[in-house]
Structures are given as structure tokens and as C-alpha cells.
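Below is one structure, written out as C-alpha cells, with a few remarks after it.
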Amino acid sequence: MAGKQVKRRKSVVVGMLSVVMLLLAACGAPGGEEEVVVGQTDDAGTEAPATEATEGGATEQEATGDPIKIGFLAATTGTAASSGQDMVRGWDLYWKVNGDVAGGRQIQTVHEDTAGDPAVGLNKAKRLVENEEVKLVVGPLFANVGLAVADYMTTTGVPNFHPVASADDMTQRTRMDNVLRVGGWTSSQTSHPLGQYAYDEGYRKVVTICADYAFGHEMCGGFTNTFTDAGGEVIKQLWNPLGTQDFGTYMAQIQEQNPDAVFALQVGGDSVRYVESWSSFGMKDTIPLLGGEVLLDQSLLRNMGPEAEGLISSGKFAEGLDAPETQDFVESFDNEYGDLPSYYASVSYIAAQWTANALEEVDGDIEDVDAFLEAVRGLEFDSPGGPMKLDEYDNPDQNVYIREVQTREDGRMWNVPIKTYENVSQFWEYDPEEFLECPVYSREYQGKGEFPEGC
Amino acid sequence: MTLTNRAKLAALGFGLVAAVAAPYAFRPFTVSIITLALIFGLYAMSIDLMAGYAGLVTLGHAGVFATGAYGVGYVASRIGGATGQQLLVGMAAGLVVTSIFALMAMRVGGTYFLMVTLAQGMIVWGFATRSTDLGAENGLTGVARPSAFSAYWKFYYLTLAIVLLCSLAMWVIVHSPFGLSLRGLKGSETRLQMLGYNPALTKFYVFMLAGLFGTVAGVMYAYYNQFVSPSNAVFATSGKGVLMAIMGGIGTLIGPVVGAFIIVFIENVLSVHIERWPTLLGLLFIFTILGARKGFVGALSDGWYRWVPGARAERSTRTVSPLDAGDDAVAAPEVKAN
């Protein structure tokens, strides 16, 4: 046959193969067209409450130095997409309202989606640090993704802030130098006060029902530990798998115990179904319910009906808190997105506020990581969640509110504080060193009995 | 040497040169993504050994993969053992679990095989999410790469070498008489039995071999991520391996690697530019099933024989092996075993 033609054909095929391979590989090279979201100073700034903005001294500031790139990780697809979106909204809102210049340098955010998968999140963090050369990584959302990312970030030396991921050990037993819980919280931090509150309310026999994974174990452990230390008794602990569709059997088991009150911690759609069952089984009228923060978070209240009205929970953020910082934030969030802010939005907003304030202190020199982190650690300021300050372990000491779900004048529900525990430490009133000698809360270790016995 | 073989060799040579040159040509992040694709390529190949060659589609291979990873992670993070111990425990754990799974699955076929393997994967996942010794939902952190391979490019070459070695071993396996008995298993189990083979034992062997390579991939994955979490064992990881094999070209050794590259790059690189990347992935699967059943490599090979005159001529003279004919004759009424 025509040998020449064949050869040419062959070289075409080989050429195509190589092009395909190169294309596959070249996809990884930075295209320079990444979605860089830059807060718009002029347009959105007009809507912002001007007084607060000038107080921070951030608005109308001219950018003089090079821009600072900040990576922002959140699960914006997958099961937690709506929470992830709220994180992004909170973060972006701060720069929109207060201007995108801090310490004389413009802030550019590179958003990345982790899809809620630790492996994907880790690769996204690598991309941010190695390809985008960001100076700071904020996020991600899930605790397991957070632990994976944090572990990698220590090897890079680039600071990593965790406003949402709340795995206790991140700022406890496996603390790392450049991983800070700026704006964030440890799971048990908000449930410790609730145990004390339950006892003070006169409840003595309590049943707990929590989602059966690390976050649920830690939230439940916090409640159980302080409640039993105060003198109360946890008569039964129920653990339901994530994604429980029908809470009927659990409701029956709870009724059988006839407790004084019930502590419940569910996440996402489980929370909606739990609160629904709680009401439809008639428990709402007979047994007081004490919820963990995310059982009644604003992101879920949006999808709940009157069955949620009046329920009690504890949390570090209460959108109904009557403080100027909180209400300014709630109002601008509502104006911008048409929703009341969830805790995911508030902590991300606080993380942005914290970053901006620290950048002001070091005149935008984020490259000097030690000085920047020192500024971050030294800050004390009022945020939408109340006064903020990092403890020695890089977790904020912050207010924890006992909140009640109330209906606003416009018909939407929100969490209004009925009691405030001020400056709550992640170790509650325990001695940090003694506390850290005990294991992290798990199914097996719930801190039952007198602390520190039983660990 | 025929034209087709020469082209294959040329492509292979080019691929090797490109693989060796990659760390010089690309940025660290891209190299680490290629490393990841190679690891998943090995994982998908081990699935293809069962699904493509022996016709045993497994939906629980992530269980084996994760066991290897957890073996390494447990020793590294909870016991603080050296690399040698980590490797030993990782491989041993993977192989022990595989042998138990293989014993459970060797006597069933078809849909039952799917169900049994699905359950096996879920058992590992369930155990991983609930065991506090294994870090439960949070997984195990603090897995360090061997110090000699901690730099990204050294780890890349290590991975490349291991994947090449394993591929070579698999190539030898599928071209050996045992490889032929695997194809016999796919063609007709009863005939294989009639010819004096023991189908159950053949299944056991291939399960063990796939488990061996799957465990190697899992061990490498633990070192790649430097942490281990239950999402390694989740059903989606099993499914992903099967999809990689199908998308690349099932029943070939290079196909799963190509599929792994496509999926890993969509997940990690394209997702930066396209917000709805899971949709894109889904569309690609649908397109593969509808338009290119033999996968990427199959389509390429079809195109080659169709459009290159020299190759077309070769195909028409190619002798048909009795086993290929056997494939077509499966329709013969099957005699129930026992």
C-alpha cells in the first residue's frame, strides 16, 4: 500500500495522542483566568452603614502595595452546599461593605470548592498554595476536610484560618502553630454552657440524642460533661446515623425514659426532620428540648415552619442579638442576599474582619508570617458574634448565647438570646492542662461523672 | 512487526518519555495531580483485572484500597512505627481482608457477586467511620512520606516506578495461561469447569491479585495524601474506580489509566473553572456509555483500524482466536452449576 501515506497517517495519530496528553497535563498549568472575586468598593460601599466602616478605617483607602491573594475553601457543591454558600457570602460581604483594601493592599479572594471530600479539599489547598501562591488560606467547612487541610498547611508555613471546621483537637491536643481558629469555635465550646444551663433550669434527668459521628460525639460530650459535673444525670444516650430519615423509633425511646429534658444535635436535613418529628409526636409540648447550635441554625430555620418556634438552643452566634455590630451585619446581609445570616456566614464575616484588622496593624505586611500571626493573636474587638479574642491555644474566647427561636415582625424566624455566658473558653471552667489529659470526646468518652474522674 | 504494534510502541515510548519529563515541564501542583492520577490508574487497573478480564465487576474494591491505606495510617499515626512497619502492616492488612472477601465471593457470580462485593466495601466503610481507634469520621492524620521521597518530585518518580512495575506484572498475568483462564471465566464459567478448571479457585486467585494491586494503590494513596479518612472506603470510591476503567476502556490495561487521568483532572483542575463540574462528569459518563462503549482507548483503537488503511488491512487478516469465538458463543444454554 502507499507507504508514505500510511506513515503520514501514523504520525498524525501519534501527534494527536501527544496533543491529548499535553492538553491533559497543560490543564494543570495556571491559565491566569481563575475566578478572582474582588470586593467592589464603590458600588456596594454606598449601601454600607458608613459609621461602622469609617471606624475600622478601611473604607476609601487607596491601595498602595501589591494585592494580597487569599484562598477561600468551602463546600459549595455536595450535601453541604447551602452552608458552604453561606460561608462564601459572609466572607465576600465583609469586603463589599468595608472596602477590599486592608493595610494599604487590595485583597483578592480565590474561591475553591472542596465538594466536602477530604482528598479533593487537600488538592485544592495545594493548588491555592503552590499555584496561586496565596498568603492565607481560610476554610474549609467540614471537620474531616479541615483536619486534612490543616495537616498539609503546617508543612507549608502559610497561615490557615478555620472559622467553621470545629474538630476539638485542632486547637487542643494536636494544635499547630500556623493553624488558627480565627472566628471559629470548638464543637464542645458551645455545648459546655448548655449543660450548666440545663442543671440551673432544674433538669436532673436528661436523654441525649446526637448524630453518630465525631462532631456529634464532641457536642454531646460537652453537654454531658458539664451537666453531670453539676450533679445531673444522663439517663440514656442515643446515637442516630447521619441521614436518618425517620426519627419515630427514637421518639418512642425518648418517651419511654420520661426525662426532664432532651439534648439534641443533628445536622443539615436531619435537623429539619428531627424538629418536625419532635413536634408531630407531641413531644414539643411535654418535654423541654435543648439543641446544639446547628440544630436550629438560621440556614435551617429558613426551611422550618412553626414547629421550630420557641425551641431553645445554645450557640456562639445569635442573629437576634440586640447589639449594633450584630444588627448592622444582619441588615447588610439581608439587603445583599435577601436572607438572614446563618452562623456559617457570621463566622466567615468575622474571619474577614479579623484578617483586615490584623493587616492594618502590620501595614499589610502579610509576608512576615510571624508578625502577622502575632497581630492576629493580639487583637481584641467587637464582632457580630460579640467580643472576640484568641486564647493561648488559638481558639477564640467568646460569648455563648442560650437562644430561643422567635418570629420577627416580617414573619421570618430567628434566634434571640435569652441568656449570655460571657467569654466562654473552649475548656469551659476546667483547667486546660487537666482537660487536655483526658481524651477528646467520643462515643466511648463523654466525660460522665465528676471531672476529671473517668478519663 | 506490524504497523499497529509499531504505533502502540511509539505511543508507549512517547508516554514514558513524557512521564519522565513531567517534573521538569510542569509546576509542582500539576506534578502532584499526575501522581494522584497514576495512583488511581493503578487502582482502576486492579479493578479492571477483575471486571475487564474476568468479567467480575466489583463494587467494593475501595474496601481493599482503604484497608491498605488504614494499615499505613494506623501504624504511622497511632503506633509511631517506622516506614517498614507501616508498609508491612498496610500490605498485610489489605491482603488478609482481601482473602476473607475472596472466600466470601468466590462461589457466587453475576448480580450476587455485585451484592456481595458492595456489602464488603460497606463493611470496611462502616468500621472506619465508627472506630475511634481509626479516628472515626475525622480519619488519621500525621502520615509522613518516607524521608527519602518526601519531595513532591521524588514521590512522583517513586509512584511512577511502582505503577510501571505493577503494570508490567499485570501485563504478564493477563498474557499468561492464567490470563486465558480469566477470559474463560468471563466467557462461560460452565465450559471452563468442563475443561477441567476450577472456576471458584480461579475467582479466588484473581480476587487476590486485584486485592494485591489495589492494596499497593491504597498504601501509595495514604502516603500521597498523608492522611487517611473513611471517604477512601466509601461506595463512591469503589464506583469511581469502575467508572475510570469503563471510561478509559475496560478489558485493556492502559484504558483504566487513561480513565483515571480524565476523572482526576476533571475533579481537581477543571473544577476550578467550571462550577458545575459534577454535572460535566455525569454527562461524560453518559456520553461514554452511549457513544463509546469501549471507552476512550476502545474508540481510539476503532478509529485506528477504520481510518488508517494499513491497519485496516492488518485487521482483516488477523486470525480469530478460539477464545474470541467463545465470547460470541456465550449464548449457548448455560448448565446450572451443581
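Those protein sequence lines, which keep their order, are chains A and B.
Heads up, the first sequence is in the working numbering, so the first residue is 15 and it goes up one at a time.
Heads up, the second sequence is in the working numbering, so the first residue is 65 and it goes up one at a time.
Note that beta-carbon positions come from the ideal geometry of N, C-alpha and C, so glycine has one too.
Exercise. B:T66 to B:A377, Cα distance in whole Å?
Worked result: The residue labelled residue 66 of chain B in the question sits at position 2 within the second sequence. The residue labelled residue 377 of chain B in the question sits at position 313 within the second sequence. Using only the alpha carbons, I get a separation of about 11 Å.
Exercise. What residues from chain A crowd round B:S96, counting only those whose CB sits closer than 7 Å?
Worked result: As a first step, residue 96 of chain B is located in the second sequence; it is residue number 32 there, counting from the start. K140, listed in chain order.
Exercise. Among residues of its own chain, excluding the 5 on either side of A:D183, which ones have a beta-carbon nearer than 6 Å to its beta-carbon?
Worked result: Taking the first residue of the first sequence as position 1, residue 183 of chain A is located at position 169. The residues are V454.
Exercise. Counting only beta-carbon atoms, is B:L73 nearer than 8 Å to chain A?
Worked result: Counting from one through the second sequence, the residue named residue 73 of chain B turns up at place 9. Closer than 8 Å: no.
Exercise. Apart from the five residues just before and just after A:G53, which ones in its own chain have a Cβ nearer than 6 Å to its Cβ?
Worked result: Taking the first sequence and counting its residues from 1, the one referred to as residue 53 of chain A is at position 39. For A:G53, the pLDDT reaches just 39, beneath the cut-off of 50, and the residue's location in the model is therefore unreliable, although a value from the coordinates is still provided. Cβ neighbours of A:G53 beyond the five flanking positions: W109, K110, D114.
For this session: Measure how close the beta-carbons of A:I364 and A:G135 come, nearest whole angstrom, since I'm counting them as under 8 Å.
Result: Here residue 364 of chain A is taken as the residue at index 350 of the first sequence, counted from 1. Here residue 135 of chain A is taken as the residue at index 121 of the first sequence, counted from 1. About 22 Å separates the two Cβ atoms, so there is no contact after all.
Exercise. Among A:L310, A:R391, A:S346, which one has its Cα closest to the Cα of A:Y415?
Worked result: Start at 1 with the first residue of the first sequence, and residue 415 of chain A comes out as number 401. When only C-alpha atoms are compared, the closest one is A:L310.
Exercise. Beta carbon of B:Q290, beta carbon of A:D165: below 8 Å?
Worked result: Along the second sequence, read from residue 1 onward, the residue named residue 290 of chain B stands at position 226. Along the first sequence, read from residue 1 onward, the residue named residue 165 of chain A stands at position 151. Cβ distance < 8 Å, so B:Q290 and A:D165 count as in contact.
For this session: With A:D407 as the anchor, note down where its alpha helix (DSSP H) starts and where it stops.
Result: Translated into positions along the first sequence, residue 407 of chain A becomes position 393. First, the residue type needs correcting, since residue 407 of chain A is Tyr and not Asp in the sequence shown. Counting along the chain, A:Y407 falls outside any alpha helix (DSSP H), and DSSP gives it neither H nor E.
For this session: Take every Cβ of the stretch 447 to 467 of chain A, pair it with every Cβ of the stretch 237 to 246 of chain A, and state whether three or more of those distances are shorter than 8 Å.
Result: yes
Exercise. Counting only runs that start and end within the stretch 155 to 199 of chain B, where is the alpha helix (DSSP H) found for 4 or more residues in a row?
Worked result: 174 to 194
Problem set entry | Proximity test, Cβ basis, 8 Å: A:Y166 and chain B | By 1-based counting over the first sequence, the position of residue 166 of chain A is 152. At least one chain B Cβ lies under 8 Å of A:Y166.
Exercise. Is any heavy atom of the ligand FMN found at a distance shorter than 7 Å from the C-beta of A:Q420?
Worked result: With respect to the ligand FMN, the structure offers nothing, as it holds no ligand at all.
For this session: Enumerate in chain order the residues of its own chain whose CB-to-CB distance from A:T3 is below 7 Å, with the five nearest sequence positions on each side excluded.
Result: Since the first and last residues shown for chain A are 15 and 469, residue 3 of chain A lies out of range.
For this session: Indicate whether A:Y288 and A:D100 have their beta-carbon atoms separated by less than 8 Å.
Result: Position 274 of the first sequence, counted from the start, is the residue given in the question as residue 288 of chain A. Position 86 of the first sequence, counted from the start, is the residue given in the question as residue 100 of chain A. Contact: no.
Exercise. If you scan the stretch 349 to 436 of chain A from start to end, which runs of the alpha helix (DSSP H) of 4 or more residues do you find wholly inside it?
Worked result: 357 to 375, 383 to 392
Exercise. Any idea what DSSP makes of A:D127, helix, strand or coil?
Worked result: Residue mapping note: residue 127 of chain A aligns to position 113 of the first sequence, counting from 1. DSSP places A:D127 in strand when its eight states are reduced to three.
Exercise. Roughly how many angstroms separate the alpha carbons of A:D56 and B:T343, rounded to a whole number?
Worked result: Along the first sequence, read from residue 1 onward, the residue named residue 56 of chain A stands at position 42. Along the second sequence, read from residue 1 onward, the residue named residue 343 of chain B stands at position 279. A caution first: A:D56 carries a pLDDT of 37, below 50, which makes its placement in the model unreliable, though a value can still be read off. Approximately 36 Å between the Cα atoms of the pair.
For this session: Spell out whether any CB of chain A is found under 8 Å from the CB atom of B:S295.
Result: Counted from its first residue, the second sequence places residue 295 of chain B at position 231. Yes, B:S295 counts as interfacial toward chain A.
Exercise. By the criterion of Cβ-Cβ separation under 9 Å, what are the contact partners of A:L161 in chain B?
Worked result: As a first step, residue 161 of chain A is located in the first sequence; it is residue number 147 there, counting from the start. G199, N202, G203, T205, F291, S293, listed in chain order.
For this session: Taking the CB atoms as reference points, tell me whether A:N413 and A:G399 lie closer together than 8 Å.
Result: The sequence position of residue 413 of chain A within the first sequence is 399, counting from 1. The sequence position of residue 399 of chain A within the first sequence is 385, counting from 1. Cβ distance < 8 Å, so A:N413 and A:G399 count as in contact.
Exercise. Below 8 Å between beta carbons: does that hold for A:E333 and A:P355?
Worked result: Taking the first sequence and counting its residues from 1, one reaches residue 333 of chain A at position 319. Taking the first sequence and counting its residues from 1, one reaches residue 355 of chain A at position 341. Yes, the pair counts as a contact, with Cβ atoms nearer than the cut-off.
Exercise. Is there contact between the stretch 437 to 445 of chain A and the stretch 198 to 207 of chain A, where contact requires at least three CB pairs shorter than 8 Å?
Worked result: yes
Exercise. Would you say A:V276 and A:M318 are within 8 Å of each other, going by their C-beta atoms?
Worked result: Along the first sequence, read from residue 1 onward, the residue named residue 276 of chain A stands at position 262. Along the first sequence, read from residue 1 onward, the residue named residue 318 of chain A stands at position 304. Cβ distance not < 8 Å, so A:V276 and A:M318 don't count as in contact.
Exercise. Quick one: what's got a C-beta closer than 7 Å to A:A77's C-beta in the same chain, skipping five residues either side?
Worked result: As a first step, residue 77 of chain A must be located in the first sequence, where it is residue number 63. Result list for A:A77: V115, G118, R119, Q120, in chain order.
Exercise. Touching or not, the stretch 307 to 316 of chain B and the stretch 135 to 145 of chain B, by the rule of three or more beta carbon pairs under 8 Å?
Worked result: no
Exercise. Should A:F386 be labelled buried (16 or more other beta-carbon atoms within 10 Å of its own) or exposed?
Worked result: Here residue 386 of chain A refers to the residue found at position 372 when the first sequence is read from its first residue. Classification of A:F386: buried, given that the 10 Å Cβ count is 16 or more.
Problem set entry | Reference B:L182; option with closest CA among B:L364, B:V121, B:G206, B:G278 | The residue labelled residue 182 of chain B in the question sits at position 118 within the second sequence. Comparing Cα positions, the closest option is B:V121.
Exercise. Sorted by chain position, which residues of the same chain lie with C-beta nearer than 6 Å to A:Y211's C-beta, five sequence neighbours on each side aside?
Worked result: The sequence position of residue 211 of chain A within the first sequence is 197, counting from 1. Closer than 6 Å at the Cβ level, and outside the excluded window around A:Y211, lie I416.
Problem set entry | Euclidean distance between Cα positions of B:T94 and B:G173 | On the second sequence, position 30 is the one that residue 94 of chain B refers to. On the second sequence, position 109 is the one that residue 173 of chain B refers to. Rounded to the nearest angstrom, the two C-alpha atoms are 41 Å apart.
Exercise. Can you check whether the CB of B:H125 is closer than 8 Å to the CB of B:G346?
Worked result: Translated into the one-based positions of the second sequence, residue 346 of chain B becomes position 282. Translated into the one-based positions of the second sequence, residue 125 of chain B becomes position 61. In this structure, B:H125 does not lie closer than 8 Å to B:G346 by Cβ.
Exercise. Quick one: is A:K403 buried, meaning 16 or more other Cβ sit within 10 Å of its Cβ, or exposed?
Worked result: Residue mapping note: residue 403 of chain A aligns to position 389 of the first sequence, counting from 1. Exposed, by the Cβ-count rule.
Problem set entry | Neighbour flag for A:S456 against chain B, beta carbons, 8 Å | Taking the first sequence and counting its residues from 1, the one referred to as residue 456 of chain A is at position 442. Chain B, which has a Cβ nearer than 8 Å to the Cβ of A:S456, makes this yes.
Exercise. Which two residues bound the contiguous alpha helix (DSSP H) that contains B:G404?
Worked result: Given that chain B is displayed from residue 65 to residue 402, the structure contains no residue 404 of chain B and the question cannot be resolved.
Exercise. So what does DSSP say about B:K72, is it helix, strand or coil?
Worked result: In the second sequence, counting from the first residue as 1, residue 72 of chain B sits at position 8. In this structure, B:K72 counts as helix in the three-state DSSP scheme.
Exercise. Just how far apart, CA to CA, sit B:F271 and B:V361?
Worked result: By one-based count along the second sequence, residue 271 of chain B stands at place 207. By one-based count along the second sequence, residue 361 of chain B stands at place 297. Cα to Cα, B:F271 sits roughly 25 Å from B:V361.
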